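Taking our numbering, I'd label the letters of the sequence shown as residues -13 to 108.
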Amino acid sequence: MMETSEIASKLVSWCKQGEFEKPYQELYSPKIVSIENDGKAEGAYVEGFEGIQKKGEWWQENFEVHSTEVSEPLVAHNWFSVRFDMDTTHKPSGQRSKMSEIAVYEVKDGKIVKEQFFYDEE
-13 MMETSEIASK
-3 LVSWCKQGEF
7 EKPYQELYSP
17 KIVSIENDGK
27 AEGAYVEGFE
37 GIQKKGEWWQ
47 ENFEVHSTEV
57 SEPLVAHNWF
67 SVRFDMDTTH
77 KPSGQRSKMS
87 EIAVYEVKDG
97 KIVKEQFFYD
107 EE
């Protein structure tokens, strides 16, 4: 079973290479919970691989990503966090913007069971 630090390093390495799907396949629990900010907006709280997949499809339909920077992970026992800085264009409006978010991950039994993203909504 992988340790939290090993999971964190793999996730960051794959994200830096643009491999955003690979962590879902290898590091995530089938019962994953994914939350955007407080989870109250429509689609901001999803569970399981199906929910993650729909969220990913929505992101790809709505945003063109020009660049992503990924920080090294900060690990504390069964938790780790990563900063993502992204330059994107919102496809429907054509508005280009830069955003920075903190992702916090919880690990249990060698798998990521929860991810939550914190960022300013503009």
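Every residue gets a Cβ at the ideal spot worked out from N, C-alpha and C, and that includes glycine. Source: prediction; values computed, not measured.
Query raised in the report: Does the separation of the CB atoms of Glu92 and Tyr105 fall below 7 Å?
Result: no
Report task. Indicate whether the contact test is met: 3 or more Cβ pairs, each with one atom in the region 7 to 15 and one in the region 96 to 103, closer than 8 Å. Result -> yes
Query raised in the report: Which same chain residues, not among the five before or five after Met(-13), have their C-beta less than 8 Å away from its C-beta?
Result: Asp95 and Gly96
Query - Three or more C-beta pairs below 8 Å linking the region 30 to 40 and the region 53 to 62 - result: no
Query raised in the report: Taking the C-alpha atoms as reference points, what is the distance between Trp65 and Lys40?
Result: 25 Å
Requested in this report: Would you verify that the beta carbon of Lys2 is, or is not, closer than 7 Å to some beta carbon of chain D?
Outcome: Looking at the structure shown, chain D is missing, and only one protein chain is on hand.
Query raised in the report: Short check: CB of Ser20 to CB of Ile38, under 7 Å?
Result: yes
Query raised in the report: Hey, Asn48 and Lys84: beta-carbon distance below 7 Å or not?
Result: no
**Report entry** Element boundaries [beta strand (DSSP E), containing Ala(-6)]
**Finding:** It is not in any beta strand (DSSP E) - Ala(-6) instead sits in the alpha helix (DSSP H) that spans Thr(-10) to Lys2.
Query raised in the report: Where does Val68 land, buried or exposed, given buried means 16+ other C-beta within 10 angstroms?
Result: buried
Requested in this report: Identify whether Lys77 lies in helix, strand or coil by the three-state DSSP scheme.
Outcome: coil
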